[in-house]
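*Asks:*
Chains as they are written, first to last, in the numbering used here: chain A, 1053 to 1371; chain B, 60 to 306.
1. Might you give, ordered along the chain, the residues of its own chain that have their beta carbon closer than 7 angstroms to the beta carbon of residue 1231 of chain A, omitting 5 neighbours on each side?
2. Using CA atoms only, rank isn't needed, just tell me which of A:1303, A:1081, A:1275 and A:1234 is closest to residue 1328 of chain A.
3. Can you give the Cα-Cα distance for residue 137 of chain B and residue 81 of chain B, rounded to whole angstroms?
4. Output needed for residue 291 of chain B: all residues of its chain with C-beta closer than 6 angstroms, excluding positions within five of it in sequence on either side, in chain order.
5. Who are the near neighbours of residue 65 of chain B in its chain, counting only those whose CB is closer than 6 angstroms to its CB and skipping five residues on each side?
6. Buried or exposed: residue 1364 of chain A, going by 16 or more other Cβ atoms within 10 Å of its Cβ?
7. Going by CA-CA distance only, name the one from A:1089, A:1247 and A:1188 that's closest to residue 1154 of chain A.
8. Helix, strand or coil for residue 144 of chain B? Go by DSSP, reduced to three states.
9. Looking only at C-alpha atoms, which of B:230, B:225 and B:271 sits nearest to residue 299 of chain B?
10. Considering Cα atoms alone, identify which of A:1073, A:1068, A:1078 and A:1092 is closest to residue 1259 of chain A.
11. When DSSP labels each residue in this structure, what does residue 1361 of chain A get in the three-state scheme?
12. If we define contact as Cβ-Cβ less than 8 angstroms, is residue 1130 of chain A a contact residue for chain B?
13. Since residue 1142 of chain A meets chain B, which of its residues come closer than 8 angstroms, beta carbon to beta carbon?
14. What whole-angstrom Cβ distance do residue 1076 of chain A and residue 1064 of chain A have, given they're in contact under 8 angstroms?
15. Using only the alpha-carbon positions, how far apart do residue 1325 of chain A and residue 1308 of chain A sit?
16. Starting from the Cα of residue 178 of chain B, find the closest Cα among B:114, B:210, B:297 and B:230 and give me that residue.
17. Is the distance from the Cβ of residue 307 of chain B to the Cβ of residue 1145 of chain A below 8 angstroms?
18. For the beta strand (DSSP E) containing residue 1217 of chain A, list its first residue and its last residue.
19. For residue 237 of chain B, which three-state DSSP category applies?
20. Given a cut-off of 8 angstroms on the beta-carbon distance, is the pair residue 271 of chain B and residue 184 of chain B in contact?
21. If we require 4 or more residues per run, which alpha helix (DSSP H) segments fall completely within the region 1162–1248 of chain A?
22. Run down chain B in chain order and give the residues with a C-beta less than 8 angstroms from the C-beta of residue 1109 of chain A.
23. Can you check which of these residues, A:1058, A:1069, A:1151 and A:1216, is closest to residue 1267 of chain A by C-alpha distance?
24. Please name the residue, chosen from A:1341, A:1089 and A:1277, that lies closest to residue 1242 of chain A on a Cα-to-Cα basis.
25. So residue 1160 of chain A contacts chain B; which residues on that side make the cut at Cβ distance below 8 angstroms?
26. Is residue 74 of chain B close to chain A? Criterion is C-beta to C-beta, closer than 8 angstroms.
27. Given a limit of 8 angstroms on CB to CB distance, which residues of the region 158–180 of chain B reach chain A?
28. Got a sec? Which residues, its chain only, sit under 7 angstroms from residue 1147 of chain A by beta carbon, not counting five neighbours each side?
29. Using the DSSP secondary-structure output, state which residues sit across from residue 1137 of chain A in a beta bridge.
30. Using only the alpha-carbon positions, how far apart do residue 1138 of chain A and residue 1103 of chain A sit?
31. Near residue 1209 of chain A, what residues of its chain come up, given a Cβ to Cβ distance below 7 angstroms and the 5 sequence neighbours on each side ignored?
32. What would DSSP say about residue 1066 of chain A, mapped onto helix, strand or coil?
33. Which residues mark the beginning and the end of the beta strand (DSSP E) in which residue 1268 of chain A is found?
34. At what residues does the alpha helix (DSSP H) containing residue 1265 of chain A begin and finish?
35. Considering only residues of the region 251–289 of chain B, which uninterrupted beta strand (DSSP E) runs meet the minimum length of 3 residues and lie entirely inside it, listed in chain order?
36. Measure how close the beta-carbons of residue 141 of chain B and residue 231 of chain B come, nearest whole angstrom, since I'm counting them as under 8 angstroms.
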């Protein structure tokens, strides 16, 4: 069925979790399909880790249900968890074991047959770049390598759903790139859900983004669209021989022209009609001596702050 | 799965140098105590020969040796049980077990049997030492067996209690002190009760070991050990299950 949407591997409905009288997760619903990488964004203490602990069965929600590959996590936990790989915030490592022993244990723990383990072990080590340290004791490895062992244990049994809590923490820049490539690769055949505060990470590897704020999901969309969220269409143009601003103002689609300096203008235009092509032709014809034309871009950081601030002011108004 | 967890527990124990150190030190203490009892037996042997119904070598050497080991293990078992859950919790490895396709029962039993195997290996040298006397004399194998059985049941009850206390905390050292306090408390309740049929005797595992130590297989005592062990294992499962509820 090439046209149908890929199957849903993880679905969480109306999760609510309280610690004592404090409600830390309010009515969170998530859905993940095969081949998707979902980024869970949020400030510290927004509830990312708690949500992930619930999704992996380490914590039971006060209300709401979770299904993994269509199997209810509360009713058939053992069966549902065979489809799950989880890297918690701190990698769950037995520091006294060697990398090989530990990963073999992790694979067997997830119900792999011992005949399949050695191939899976070799693949996981190769994917996470652990071949060189396979006989070393985990406690002697550096933080970056330990993190990679943590990722390897989450993927060794090729689960349908991979939950990674801040997977690139403690890695050096080249390792971060490797791990991001790995996650992107995993995202093609499995479903990955990862939490992070690195927005560049979301930008580079996630198909979809959900933003958690004070235990509520306040925004969810594809990461490409999130980047466009609240974006202003426009550009900054530098002309060495500029015309009067009113000339620019009269171009089709232009809504506002602001003169930044003698030669620099900020031109805002409607989203549908981009006047930059027209401007380029005119500049050539009338010898405005175009020097630079830079589209205005919003970064995910700005968008994130914007979305969370909007939410804050909204809840502020309510109370 | 229980076997897998038990083997992991054993593997972790044997990769730690401290385990080997404790094993070596204990074997030394066992052997020293054994040789001392043997010397004492040889010293009083002429007097024994004149008695009509003299106690045998197994009673004179074996029983005190097993009693000493039982007492020593009361102090030692908490050192091993403290790590079982508390350390998993502190190192965050518990989430690996909780997110794996395992039931709480399997986790608890895996840990229990892993440590039981280790401790059984540790005390296996004692019957072997006594058995070495079979070269020169006749041994009461019934008495020896009942002592071994009693010791294993006693260890099981210690491990179950320690395991439960280990589920209560994140700090292994608190788990160790807690288990030690309870075990010593039970022992003191036993020896402080002077009257023969005081109910305080009944709650002490060490008291129930006495009949095994004299070669008496009392089903009441065996049932006590089984109940004691399974009660604390069930409590440990309950507490670990609550981990999911209370975080």
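Glycine included, C-beta positions come from ideal geometry on N, C-alpha and C.
Being a predicted model, the structure only gives us computed values, none of them experimental.
*Replies:* Reading it off the structure:
1. 1203, 1219, 1220 and 1223
2. A:1303
3. 13 angstroms
4. 219, 220 and 223
5. 169, 172 and 173
6. exposed
7. A:1188
8. coil
9. B:225
10. A:1092
11. helix
12. yes
13. 150 and 151
14. Actually they do not touch by this definition, with Cβ atoms about 15 angstroms apart.
15. 13 angstroms
16. B:210
17. Examination of residue 307 of chain B is not possible in this model, given that chain B is present from 60 through 306 alone.
18. 1213–1217
19. helix
20. no
21. 1166–1180, 1195–1207 and 1225–1241
22. 157, 158 and 303
23. A:1069
24. A:1089
25. 63
26. yes
27. 158, 159, 160, 161 and 162
28. 1190 and 1191
29. A:1214
30. 12 angstroms
31. 1137, 1159, 1162, 1164 and 1172
32. strand
33. 1268–1274
34. Where residue 1265 of chain A is concerned, there is no enclosing alpha helix (DSSP H), although the beta strand (DSSP E) it sits in stretches over 1260–1265.
35. none
36. 4 angstroms
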